[in-house]
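Have a look at the structure below, then the notes.
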Amino acid sequence: MGDSLWPSLSGRAPKEPPRAVATIPPTEAERTPPPVLAPPPPVLGQTVFQAPPVQQLLQTGTFVGQKVGQLRGELVGLQRNVTGRNQQLAQIRNIATQNSQRYHGTVAAINARLQLGTTPGNPVLVNQWNEAQADLDRMAGDIAAMNSLANLVATDSSLSAFVLESVRATYGLAGAIDEDHRQLNILEDETNQTVVLIDRLLNELSEDVNRQTAYVGNERRNLTTVSLAIKNGELIGTSLTNRAYFASAPSASIAPMPQSRNFALENRRPLVVIRFDRPDPPYERALYTAVSQVIEQRADAQFELVAVTPNQGTPAEVALNSTKAKRNAETVLRSLADMGLPAGRVSLQATTSPTVSTNEVHIYVR
């Protein structure tokens with residue numbers, strides 16, 4: 024009989040046998056990466072463009088003095104235009120900020136629901152996606168309003184340059200007294216300040232237009248990827264186009280599948296292998312992850328989709344499987360286009376192989 028049955032007389036608690044530690048695997052929600060939120064909108068300019076007031080000077084009664092008064096009136100009207108343009112710009116910026124905030128709230132709600140997992144084609148997410156698309160259309164309208172305002176400011180810039188040239192030309196007129204030239208000096212300084220102010224307004228407005236245009240374009244591509252995620256009911260990520268600076272490429276389209284040829288499968292290692300051994304295999308997430316990692320390392324990477332058909336059975340069965348494999352490759356190409364990868368960076372091929380037992384699509388990096 025062991026000593027473990029007898030009480031301890033030493034005053035210390037008996038040693039307990041070691042307990043087994045149970046390992047609890049992570050849940051599906053814990054394994055899912057955090058939601059990919061839309062990038063913050065570009066910060067619009069905050070400058071308030073207010074021209075300094077024009078000094079009221081005494082009339083000298085000379086012809087040059089009358090010319091100075093006329094030019095002063097044109098400068099006052101020009102500065103009034105600048106004040107109006109500044110108010111319009113502040114209003115456009117306020118509306119653009121509200122549209123951007125509403126868009127980000129909608130996209131964040133979609134990503135949060137996709138991160139937890141949902142049913143494919145959830146109608147609630149479809150409605151939210153439509154709201155986000157409408158917000159992007161409003162932001163595009165804000166860009167159009169900025170462009171219209173920029174055209175008006177460009178007109179004011181031309182007018183300010185004309186007023187400044189007129190002031191400098193007035194120095195050469197005969198019949199002026201010293202007071203006229205003193206007033207011309209003041210008017211020239213005030214016109215120079217107005218010219219600089221209008222140039223700054225035009226530059227800042229152009230920067231806002233460029234930033235907003237690039238941002239809306241990126242978000243339109245992201246929404247296309249989000250639509251694919253809603254269709255599958257799971258989060259994918261941002262558009263592949265926005266993960267690197269791509270050169271211009273033609274829009275996504277399905278090119279004719281080339282004829283089958285002897286493609287050396289055994290000599291190349293595919294990036295992704297998609298087996299179509301069941302209807303609608305869930306390959307989008309794995310495909311997106313693999314392609315995005317390649318793009319992060321090589322921004323100019325090219326890809327090759329190969330439809331692989333088993334070289335088994337009668338010639339009629341091989342031909343039928345070849346047609347199905349080509350359709351599967353076109354489906355994968357459309358998925359890549361929905362993820363934001365330009366079709367001009369993907370080529371399609373078809374081949375047969377005795378080592379495969381079902382139709383497959385291989386993706387290679389060129």
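Residue numbers (the working numbering): 24 to 389. Ideal Cβ placement from N, Cα and C applies to all residues, glycine included. The structure presented is a predicted model; accordingly, all values stated were derived computationally and were not measured.
Suppose contacts are defined by Cβ-Cβ distances below 7 Å. Is residue i in contact with residue j by that definition?
{"i": "residue 112", "j": "residue 133", "result": "no"}
{"i": "residue 137", "j": "residue 258", "result": "yes"}
{"i": "residue 361", "j": "residue 247", "result": "yes"}
{"i": "residue 404", "j": "residue 295", "result": "Since the first residue of the chain shown is 24 and the last is 389, residue 404 is not available in this structure."}
{"i": "residue 349", "j": "residue 366", "result": "no"}
{"i": "residue 171", "j": "residue 221", "result": "no"}
{"i": "residue 384", "j": "residue 313", "result": "no"}
{"i": "residue 375", "j": "residue 332", "result": "yes"}
{"i": "residue 206", "j": "residue 99", "result": "no"}
Give the range of the alpha helix (DSSP H) segment to which residue i is assigned.
{"i": "residue 326", "result": "Unbroken run through residue 326 is the beta strand (DSSP E), 326 to 333; no alpha helix (DSSP H)."}
{"i": "residue 379", "result": "Neither: residue 379 is in no alpha helix (DSSP H) and is coded neither H nor E."}
{"i": "residue 133", "result": "86 to 139"}
{"i": "residue 209", "result": "201 to 255"}
{"i": "residue 192", "result": "146 to 193"}
{"i": "residue 361", "result": "338 to 361"}
{"i": "residue 315", "result": "307 to 320"}
In angstroms, rounded to a whole number, what distance separates the CA positions of residue i and residue j?
{"i": "residue 223", "j": "residue 217", "result": "10 Å"}
{"i": "residue 129", "j": "residue 234", "result": "21 Å"}
{"i": "residue 116", "j": "residue 168", "result": "10 Å"}
{"i": "residue 210", "j": "residue 190", "result": "7 Å"}
{"i": "residue 231", "j": "residue 242", "result": "16 Å"}
{"i": "residue 381", "j": "residue 155", "result": "41 Å"}
{"i": "residue 121", "j": "residue 353", "result": "40 Å"}
{"i": "residue 202", "j": "residue 103", "result": "27 Å"}
{"i": "residue 228", "j": "residue 106", "result": "15 Å"}
{"i": "residue 298", "j": "residue 324", "result": "24 Å"}
{"i": "residue 166", "j": "residue 303", "result": "41 Å"}
{"i": "residue 152", "j": "residue 316", "result": "27 Å"}
{"i": "residue 186", "j": "residue 240", "result": "39 Å"}
{"i": "residue 355", "j": "residue 301", "result": "15 Å"}
{"i": "residue 194", "j": "residue 94", "result": "13 Å"}
{"i": "residue 377", "j": "residue 322", "result": "35 Å"}
{"i": "residue 110", "j": "residue 326", "result": "50 Å"}
{"i": "residue 390", "j": "residue 334", "result": "Because the chain here runs from 24 to 389, residue 390 falls outside it and cannot be looked at."}
{"i": "residue 82", "j": "residue 197", "result": "17 Å"}
{"i": "residue 114", "j": "residue 123", "result": "14 Å"}
{"i": "residue 131", "j": "residue 359", "result": "23 Å"}
{"i": "residue 108", "j": "residue 176", "result": "7 Å"}
{"i": "residue 188", "j": "residue 215", "result": "10 Å"}
{"i": "residue 328", "j": "residue 389", "result": "10 Å"}
{"i": "residue 340", "j": "residue 371", "result": "22 Å"}
{"i": "residue 178", "j": "residue 245", "result": "37 Å"}
{"i": "residue 119", "j": "residue 236", "result": "12 Å"}
{"i": "residue 226", "j": "residue 192", "result": "28 Å"}
{"i": "residue 173", "j": "residue 96", "result": "24 Å"}
{"i": "residue 357", "j": "residue 368", "result": "13 Å"}
{"i": "residue 291", "j": "residue 150", "result": "44 Å"}
Use the C-beta contact count for residue i: other C-beta atoms within 10 angstroms, 16 or more gives buried, fewer gives exposed.
{"i": "residue 126", "result": "buried"}
{"i": "residue 144", "result": "exposed"}
{"i": "residue 204", "result": "exposed"}
{"i": "residue 238", "result": "buried"}
{"i": "residue 343", "result": "exposed"}
{"i": "residue 351", "result": "buried"}
{"i": "residue 318", "result": "buried"}
{"i": "residue 88", "result": "buried"}
{"i": "residue 146", "result": "exposed"}
{"i": "residue 213", "result": "buried"}
{"i": "residue 261", "result": "buried"}
{"i": "residue 253", "result": "buried"}
{"i": "residue 181", "result": "exposed"}
{"i": "residue 363", "result": "buried"}
{"i": "residue 139", "result": "exposed"}
Can you name the start and end residues of the beta strand (DSSP E) that residue i belongs to?
{"i": "residue 301", "result": "Element bounds for residue 301: n/a, residue is neither H nor E."}
Let me check you understand the geometry: is the CB of residue i closer than 6 Å to at least one non-hydrogen atom of the ligand COA?
{"i": "residue 97", "result": "Ligands are entirely absent from the displayed structure, and the ligand COA is therefore not among its contents."}
Looking at chain B, is there any beta carbon in it that lies within less than 7 Å of the beta carbon of residue i?
{"i": "residue 321", "result": "Of the chains in the structure shown, none is chain B; there is only one protein chain."}
May I ask you to verify whether the stretch 245 to 258 touches the stretch 295 to 311, counting CB pairs closer than 8 Å and requiring at least 3?
-> yes
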